[in-house]
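Numbering (the UniProt record's numbering), first residue to last: 1 to 468.
In this text, a Cβ means the ideal position worked out from N, Cα and C, and glycines have one as well.
One structure is given below, encoded as structure tokens.
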């Protein structure tokens, strides 16, 4: 008998028992609850200390701090042409609070675009500072002299930074360090001579610069706060200094943000299809999970209160070698006392692990709620997939000190709201429409506050795709 004949015989043979397809009609299946890929560990929501906010607003009172204009400059790129946004020149200390748009536009037009290759010197230590350099793209190292006469890296500047701004106020200023490129850089140069020429015609600019030069130097501590006059180590009966602690006149206020959606369920589904699982409960559960994911995303990325956008610029550092290494993490730790945690994208954690492996280092791990979390210097590194990864395969690592008592970062919420199912999260019945559809308003209120600037730091532009 051939193979074809055997197959035909098998197909025509009469069925001798009940098939599985028909049997399933009488069987009770075991089902899982609806699954959802979007759910993540949400370590930020779990580790952030939450403070109950009455009235929907949280005010952060601080000591008076004198702003010195250490922000960043924004550029516009058209083809290979880069231009600075005129209003962004107000970030320079010499032009802070200057608002003449016409003059700022002329200053922006006087900026000269220059291209530098890796390893080129932009400015040399000891030479005259006669221009402001605006770094549109690339990385620049500030090189100084170490205690033993060798070169020492004082810092790394990246996109949006500026240097040489003292040239606009002091004609005798000299470079206190050497500026050398690490990568190919696009730099806009604003010579002091151009600024002086415009100031000769624009009375407002001339008066502004004269005023900035004549402002007496305020006595501050290393954090920029108004100094408190004290006396120590004296003997006899000297005059004891008088002082007071001044506060910010307009402290920042954080208003609670909101994430909402209207959940719709047909009454027929809610009435009839509830075994073995309640359809309304499952719909609400998955909707709440999505809201919490969005809440954590906003806490990281929101421009008003998100961690990445509310970190002070002097608390932002750049990796020395592109990849996140132990030296970079140590520098990030050294910027603040009592760092409680790191937050990093899982791919950034993997890149840090590769660098540790390359150096023969093994990070310690700790057990938190049944999860093995890697640490650095005893500080846990929590994964957070809400930290963005750019097209150029770079990301950021966040370091935080948390809690009100430690003047750290805190989460804000409002408890006791109507129809609350969790703190600051409510599900409110909105009625049934003419199509027999039941509607529920699902709402969560939240925000985050940085109590003092050094509570939050960011290691920016870490490369996560380099393998070596």
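Closer than 8 Å is the cut-off here; do at least three beta carbon pairs connect the segment 356-375 with the segment 396-403? They do not touch, by the three-pair rule.
Residues near residue 350 in its chain [Cβ-Cβ closer than 8 Å; skip 5 each side]: The answer, listed in chain order, is 464.
Label residue 27 either buried or exposed according to how many other C-beta atoms from any shown protein chain fall within 10 Å of its C-beta, with 16 as the threshold for buried. The residue in question, residue 27, is exposed, as its Cβ has fewer than 16 Cβ neighbours within 10 Å.
Three-state class that DSSP yields for residue 412 in the structure shown: Residue state, collapsed to three classes: strand.
To the nearest angstrom, how far is it from the Cα of residue 70 to the Cα of residue 363? Legend: pLDDT at residue 70 = 48, less than 50; position of this residue unreliable, no value from coordinates given.
Between the C-alpha atoms of residue 438 and residue 404, what's the straight-line distance to the nearest angstrom? For the pair residue 438 and residue 404, the Cα-to-Cα distance works out to about 42 Å.
Residue interval of the beta strand (DSSP E) (run including residue 76): In this chain, the beta strand (DSSP E) harbouring residue 76 covers 75-78.
Limits of the alpha helix (DSSP H) - the one that residue 297 falls within: It spans 279-301 - the alpha helix (DSSP H) in which residue 297 sits, taken as one unbroken run.
How many angstroms separate the CA atom of residue 436 from the CA atom of residue 337? Going from the Cα of residue 436 to the Cα of residue 337 covers about 58 Å.
Who are the Cβ neighbours of residue 152 in its own chain at under 6 Å, not counting the five residues just before and after it? These residues qualify, in order along the chain: 144, 146.
Identify every residue that forms a DSSP beta bridge with residue 371. As DSSP reads the structure, residue 371 sits in a beta bridge with 368.
Among 344, 91, 119, whose alpha-carbon lies nearest the alpha-carbon of residue 457? It is 344.
How many angstroms separate the CA atom of residue 21 from the CA atom of residue 282? Near 29 Å, if we compare the C-alpha coordinates of residue 282 and residue 21.
What is the DSSP secondary structure of residue 407, reduced to helix, strand or coil? Reduced to three states, the DSSP call for residue 407 is coil.
Going by the CB atoms, is the gap between residue 132 and residue 159 shorter than 8 Å? It is not a contact, given that the beta carbons lie outside the stated cut-off.
Helix, strand or coil: which one does DSSP assign to residue 52? Residue state, collapsed to three classes: strand.
Three-state secondary structure assigned by DSSP to residue 399: Under the three-state reduction of DSSP output, residue 399 falls in the strand class.
Considering only C-alpha positions, which residue in the set 113, 228, 225 is nearest to residue 188? Checked all of 113, 228, 225; the closest Cα to residue 188 is 113.
I'd like the list of long-range same chain contacts for residue 138, defined as Cβ closer than 7 Å, with 5 residues on each side in sequence excluded. So the list reads 181, 183, 184, 185, 186, once near-sequence residues are dropped.
Residue range of the alpha helix (DSSP H) that includes residue 380: No alpha helix (DSSP H) contains residue 380, which is instead part of the beta strand (DSSP E) from 379-383.
Same chain, Cβ closer than 6 Å to residue 476, five either side skipped, listed in chain order: Because the chain is modelled from 1 through 468, residue 476 falls outside the range shown and cannot be assessed.
Could you tell me if residue 416 is buried or exposed, where buried requires 16 or more neighbouring beta carbons within 10 angstroms of its beta carbon? Counting Cβ neighbours within 10 Å, residue 416 comes out exposed, since fewer than 16 surround it.
Within a Cβ cutoff of 7 Å, which residues of the same chain sit near residue 245, ignoring the five residues on either side of it in sequence? These residues qualify, in order along the chain: 63, 228.
Does DSSP put residue 70 in a helix, a strand or coil? Residue placement at residue 70 is poorly supported in this model, since its pLDDT is 48, which falls under 50; the coordinates still yield a value, given next. In the structure shown, residue 70 sits in coil (DSSP, three-state: anything other than H, G, I, E or B).
Buried versus exposed, by CB contacts within 10 Å (16 or more), residue 425: Residue 425 should be labelled buried.
Flag this pair as yes or no: are the beta carbons of residue 413 and residue 445 separated by less than 8 Å? For residue 413 and residue 445, yes; Cβs fall inside 8 Å.
Assuming residue 327 and residue 320 are in contact, meaning their beta carbons sit under 8 Å apart, how far apart are those beta carbons, in whole angstroms? About 6 Å separates the beta carbon of residue 327 from that of residue 320, a gap short enough to meet the 8 Å contact definition.
In three-state terms, what does DSSP make of residue 17? Note: residue 17 maps to coil in three-state DSSP.
Leaving out the 5 sequence neighbours to the left and right, which residues in its chain are closer than 7 Å to residue 346 when beta-carbon positions are compared? Result list for residue 346: 383, 385, in chain order.
Residue 233 to residue 239, Cα distance in whole Å? Straight-line Cα distance between these residues: approximately 13 Å.
Put residue 435 into one of helix, strand or coil per three-state DSSP. Here residue 435 sits in coil by DSSP.
When the Cα atoms are used, what is the spatial distance from residue 267 to residue 305? Cα to Cα, the separation comes out at about 39 Å.
Cα-Cα separation, residue 170 to residue 72: For residue 170 and residue 72, the gap between their C-alpha atoms comes out near 21 Å.
Rounded to the nearest angstrom, what separates residue 311 and residue 460 at their Cα positions? Cα to Cα, the separation comes out at about 11 Å.
Short of 7 Å in beta carbon distance, which residues of its chain neighbour residue 34, apart from the five on each side in sequence? Order them along the chain. Excluding residues within five positions, the ones whose Cβ falls inside 7 Å are 282, 286.
Just to confirm before moving on: does the CB-CB distance between residue 470 and residue 296 stay below 8 Å? In this structure the chain extends from 1 to 468, so residue 470 is not present and cannot be described.
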